[in-house]
Structures are given as structure tokens and as C-alpha cells.
Amino acid sequence: MMRSLWTAASGMKAQQLNIDTISNNLANVGTTGYKKQRTEFKDLFYEKLSKSNADESGGKPVNLEVGHGVMPIATVRSFAKGNLEQSNNELDIAIDGDGFFEVRDANDNLFYTRDGSFKISVTDGEARLVTSDGYFVQSDGGDIELGEDFESINVSGSGTITVKLKGEEEAEELGLLKIVTFANRQGLEAKGGNLYKQSAVSGEPVEADEGQGGNIKQGFIETSNVQIVEEMVKMIMAQRAYEINSKSIQTADQMLEQANNLRR
4 MMRSLWTAAS GMKAQQLNID TISNNLANVG TTGYKKQRTE FKDLFYEKLS
54 KSNADESGGK PVNLEVGHGV MPIATVRSFA KGNLEQSNNE LDIAIDGDGF
104 FEVRDANDNL FYTRDGSFKI SVTDGEARLV TSDGYFVQSD GGDIELGEDF
154 ESINVSGSGT ITVKLKGEEE AEELGLLKIV TFANRQGLEA KGGNLYKQSA
204 VSGEPVEADE GQGGNIKQGF IETSNVQIVE EMVKMIMAQR AYEINSKSIQ
254 TADQMLEQAN NLRR
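Be aware that the sequence shown starts at 4, since it is given in my numbering, and climbs by one per residue.
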């Protein structure tokens, strides 16, 4: 009887984490470049009450065993591409492919993102392309410095960056937008703020050759890949699983009560 209590309790804890993950997906349905997650589970060890055996007369072909519940094992992130939404803002850049933008913070730490809603930061008269949090967007030559007389920016489909300076007729080429890929994207460590960090299992960032990480779409942003209806269905299923596990605990409690009330 006690086994059923602990087994059902493990199911309730697992479904609570499942609900937490689904809630985070729904909360980020409007987050630029967000990639949804799902929770994976595994069953726990089994107690063998009777083992199978084989002899000349045939023996017993199956085991008698009972499991001890479930536990979460991983949260897997889906890097399926979100919809590309036109913004007509020249600083909004989306990747139509598997690549990531590389950005750098003030301490020279490198991060990776799919959020291409960039901004202009002017420091000491020098304009740079940055994220909303002020991280410097990287090109093949380092920070993207737009110059003191910056007027407009253009990024080609292959990632070539050119800027138009005030009073100049010809656009100046600044380099190639740095797009990287990873052998194991699932191994990237989410840091919040739409940022990921390289980990021991993600592999080294591989700088994509021109166009290899995906086509660059200027004037577009990538929306979240969360499907609201799909997440709501998952939430209902998780809620029902939580309820049935709680019913199992109540049933086991009632059976224990009956056993305690037995009299000779």
C-alpha cells in the first residue's frame, strides 16, 4: 500500500514540473526568437516479486514486477523556426536557417541568440549595433562599429553589412555578420534574456560560411515557435494526469484506513 502512495506522489511531482514548463512556453508566446520546451520522463526502478525461469517443462515465461513511479529526466528545446514577421525596421534582422547571432557583453563573454531585434548604441560619438540589453553584435571582424556619421545600415541575404554615412554617396562595407552553428543545439545552456551559452556538450561554435547558417532577412523578426492550442492541450493532459495521481493517493489512503479499522 505504501508503494502506491510514493508512486502516485512521484507522478504528481513530475506533472507539476510538466505544468511549469508548459506555463513558461505560454508566458513566452510573444517573445522574439523564443524556442519552446517539453519535459521528458523516465520510469523508476522495478521491484521483481517473481522472476521468470526456464526448464525442461517450460518454466515461467514472464516476470512479476512492479514499478516505483516516474521522474523528469530532461527538458528538450525545439529549435524549429518560428514565423518571420515583417517589421520594416532596418535594425530588425532574422535568420532563415539554423544559425545563431553571436553577441559579446562588456566582460568579453560570448553568447548566442536568435533574437535579431537590434538597436543602436552611441558611446563617445561611435555608433555600434547592440542587443536590447546592450550586448555588442559580432561580425567577422569583431564589434559592428557604424561610425560617427552613421545614417543607415543594410544587411544582405548572405550577411554582408554596409552602411551609408552622412554626406557620402557610396556605401561602406563593414564585413560579414557573424552567424554560428552548433553540432548539438540541444546542449546549449539557456541564460535568459533570449541568450544561450556554449556548454561542454553543445560543441564549439562553428562560424558558418557565407549563407551556410541561413539566409539573412533584414526588416523581419522571428516570432516564438510556441503554438498556443498545442500547449493548452498539453496543459489539460498534464492536469488530468495530476488529478488521477491524486486520486490514486486518496484511494490508497482509504484502503489503509479500512485496513486500520479491521477488528477480530
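We put the CB at the ideal spot given by N, CA and C, even for glycine.
Beta bridge counterpart(s) of residue i as assigned by DSSP
i, result
"Asn218", "Asp99"
"Val133", "Lys122, Phe139"
"Glu192", "Lys200"
"Asp108", "According to DSSP, which records beta bridges pairwise, Asp108 is partnered with nothing at all."
"Thr3", "Only positions 4 to 267 of the chain appear in the structure, and residue 3 is not among them; the question remains open."
"Ile22", "According to DSSP, Ile22 bridges with nothing at all."
"Ser224", "It is worth fixing the name first, because residue 224 is Ile in this sequence and not Ser. In the DSSP output, where bridge partners are listed per residue, Ile224 has Glu88."
"Val69", "Glu50"
"Lys63", "Asn56"
C-alpha gap between residue i and residue j, whole angstroms
i, j, result
"Glu175", "Gln19", "55 Å"
"Asp212", "Gly160", "13 Å"
"Gly217", "Met15", "42 Å"
"Ile123", "Leu94", "8 Å"
"Thr35", "Asn264", "60 Å"
"Thr10", "Gly72", "4 Å"
"Leu113", "Leu198", "10 Å"
"Lys167", "Leu179", "16 Å"
"Thr226", "Gly100", "14 Å"
"Gly195", "Gln40", "14 Å"
"Ile98", "Ile239", "34 Å"
"Leu177", "Ser90", "24 Å"
"Gln141", "Lys181", "6 Å"
Supposed close pair residue i, residue j - CB separation, criterion 8 Å
i, j, result
"Pro75", "Ala17", "6 Å"
"Ser249", "Ser7", "About 12 Å; that fails the 8 Å criterion."
"Lys200", "Leu87", "That belief does not hold up - the Cβ atoms of Lys200 and Leu87 are roughly 25 Å apart, past 8 Å."
"Asn228", "Gly85", "4 Å"
Coarse secondary structure for residue i, derived from DSSP in three states
i, result
"Gln230", "coil"
"Glu93", "coil"
"Glu246", "helix"
"Val183", "strand"
"Ser155", "strand"
"Asp127", "coil"
"Ile147", "coil"
"Gln40", "strand"
"Thr78", "strand"
"Val209", "strand"
"Arg117", "coil"
"Ser53", "strand"
"Leu35", "The sequence given here has Thr at residue 35, not Leu. In this structure, Thr35 counts as coil in the three-state DSSP scheme."
"Gly85", "coil"
For the segment 184-191 against the segment 126-145, are there 3 or more C-beta pairs whose distance is under 8 Å?
With fewer than three CB-CB distances shorter than 8 Å, the segment 184-191 does not count as touching the segment 126-145.
Does the pairing of the segment 131-147 with the segment 99-108 give three or more beta-carbon distances under 8 Å?
yes
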